[in-house]
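Residue numbers (this note's numbering): 387 to 1041. We put the beta carbon where it would ideally sit given N, CA and C, even for glycine. Since the model is a prediction, treat every value here as computed from it, not as a measurement. Remarks on the structure that follows.
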């Protein structure tokens, strides 16, 4: 069981469904012009081109280059913009009939030579035949264990009826067959228009390890026809997919107040009062356009090379739902970062504060690769590095994926002009703004609904390692156990010859005993006493334990609660300082903070009930007085750290 504050909230679990990409091709090879498709080898393997009929002396050729640049659906064809496509153009190794007039270099994008009428041959560039019948074929696609697939891609097509025409083909491991004759696309300012196409894969593709797809182009050499020829991009095979209700959601995403003071905060979600295995779960920024990415292109959409994952270690094998995990850039520290706590031990409060270069995280420095592919391929894991997920201010994303690279949750920001789509599989583009100096945070409700997130300036809105607001705290607590122990309060105070530990419970069920534990370093605890539990109780019960042999200096106390069945949990940790004659005291009045009993040079910070740091500073004298404007009446937490490392936590009452 777990100690939780007394709170009532309703959990609105996230639910969605969409198409999960299981195979994709983006044709990224860095080629500007003139690269034959038959020479292309992508992350899935090499493409081939097969003669499927008669081809003339200077037939059209399949190319992969950005001479025809990939674009978003509905956009007009343009020249090279660093988004390569598969397309048909003039050959570069021969003189085509009309090539010297409109494309003497060959490969001018999706523009083809329809040939020269025989009677006019002497007036053309050559009398070579441009008759073409060729099919560009994918590498083998292993679909073992996969059923109910859909093939999607973007394309543009011109030509002339069925005589100059592109068709879609499928290989079942034994024979090729045509499965579609795509319609011609709309002409746009003399160019083609990028158009979405989708078709169900044949049933024979189910569980088939030897599938291939192909695009066939024919040109009958009659001298008539209109550009474009055919261009294809972003080919995907997808299946219906609903992410499970167990995983990591993005709770907060900050670009930081300046520089790269960035962080991503996650929440472990799942059935209340359960543990989740997050080993090998991936964390990434935008990963491009396919594989359920957040961009409309691969390049120019904030894709950082590589990604992170949670290391395959015991501490990540059973993380309680509702836990907060903060991942941050250790090379440019956000000023609001709390102290590191990579294994939730100082204190044990279900909050993990992790610099990404810590050994509990790992990095992949090869995929996704903004120069060639969006997918998650076999990696040689190295130390974590924020550069693998660094955030572009103009437009980017933060997302989580399971160990196999399948999407679970993510949010994004940025404009269409910055190559950002509507927000991936969940349509979670939270903001269409540049996010320099901004933060996105989740409030409550369904985490797959964009309206439940807020984009704001960082000032006063960053809460790294803590709930974002009261609504977010209520959401987090819906994942906590319906526990038999509701801990109302827990304190420890230094007295003349002992430390007094006091606690109260609001209710108890099958509670056998409390074990009081103490440590000198907040990590290595030992038992100092036991107190019988209340068994079953629905009333407020108060407990006292006196430690007769306390530690000089700073010490730490916690409660371990044991059920009648032997199971149990531990509370948060409280600190006691017996190294001074006069304890530190503090109060707020007239917008001034007064601190008495702290030595000069000590550092201090004031936190609200949600754990957010309101302001901080250094003690200059005893007593110390500092400005504290805007503090509302209530109770706040003061933490003082002195030069010797002593830590004092005091409650401050503002009137």
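- In this chain, the beta strand (DSSP E) harbouring residue 978 covers 978-982.
- Residue 930 and residue 919 have their alpha carbons spaced roughly 12 Å apart.
- Around the Cβ of residue 680, a 10 Å sphere holds 16 or more other Cβ atoms; the residue is buried.
- A Cβ-Cβ distance of about 16 Å is found for the pair residue 672 and residue 836, leaving them out of contact under the 8 Å criterion.
- Nearest to residue 524 by C-alpha distance, out of 620, 685 and 838, is 620.
- The alpha carbon of residue 774 has as its nearest neighbour, out of 748, 764 and 787, the alpha carbon of 748.
- If you keep only unbroken beta strand (DSSP E) runs of at least 3 residues inside the segment 440-521, you get 447-451 and 471-475.
- Per the coordinates, the alpha-carbon of residue 874 lies some 57 Å from the alpha-carbon of residue 459.
- Taking residue 633 as the centre and dropping the five residues before and after it, the same chain places the C-beta of 794 closer than 6 Å to its C-beta, in chain order.
- Counting only runs of 3 or more residues that sit fully inside the segment 898-927, the beta strand (DSSP E) segments are 912-923, in chain order.
- Pairing residue 961 with residue 871, the inter-Cα distance amounts to about 22 Å.
- Taking the Cα of residue 855 as reference, the smallest distance to any Cα among 829, 863, 889 and 786 is reached at 829.
- For the set 951, 778 and 516, the Cα lying nearest the Cα of residue 481 is the one of 516.
- In the three-state reduction of the DSSP assignment, residue 798 falls in the strand class.
- Taking a cut-off of 8 Å for Cβ pairs, the segment 656-664 and the segment 755-775 do not touch, as fewer than three such pairs fall below it.
- Closest in alpha carbon position to residue 978, among 1017, 629, 409 and 863, is 1017.
- With fewer than 16 neighbouring CB atoms inside 10 Å of its own CB, residue 925 falls in the exposed class.
- Counting C-beta pairs with one atom in each stretch, the segment 897-904 and the segment 690-708 have fewer than three that are closer than 8 Å, which means they do not touch.
- Residue 832 and residue 548 have their C-alpha atoms spaced approximately 50 Å apart.
- Around residue 927, the same chain offers 891 and 920 as residues with beta carbons nearer than 6 Å, after the five sequence neighbours per side are excluded.
- Beta-bridge pairing by DSSP links residue 407 to 624.
- Distance between residue 513 and residue 592, taken at the CA atoms: about 47 Å.
- In terms of Cα proximity to residue 727, the closest of 717, 719, 741 and 586 is 741.
- Excluding the 5 residues flanking it on each side, residue 789 has same chain C-beta neighbours closer than 7 Å at 666 and 667, in chain order.
- Here residue 701 carries a helix assignment [DSSP, helix/strand/coil].
- For residue 565, there is no enclosing alpha helix (DSSP H); the residue is found in the beta strand (DSSP E) stretching over 562-566.
- In the displayed model, residue 762 falls within coil according to three-state DSSP, outside both helix and strand.
- By the CB criterion at 8 Å, residue 529 and residue 599 fall outside the cutoff.
- Residue 450 sits buried, since 16 or more C-beta atoms from the chains shown fall within 10 Å of its C-beta.
- DSSP places residue 774 in the helix class (H, G or I) of the three-state scheme.
- The beta carbon of residue 755 is closer than 7 Å to those of 691 in its chain, skipping five residues each way along the sequence.
- A distance below 8 Å separates the beta carbons of residue 496 and residue 475.
- Distance from the CA atom of residue 689 to the CA atom of residue 779, rounded to whole angstroms, is 12 Å.
- Rounded to the nearest whole angstrom, the CA to CA distance from residue 945 to residue 801 is 51 Å.
- Between the alpha carbons of residue 473 and residue 750 lies a distance of about 32 Å.
- Following the DSSP letters along the chain, one finds residue 859 inside the alpha helix (DSSP H) bounded by residues 856-863.
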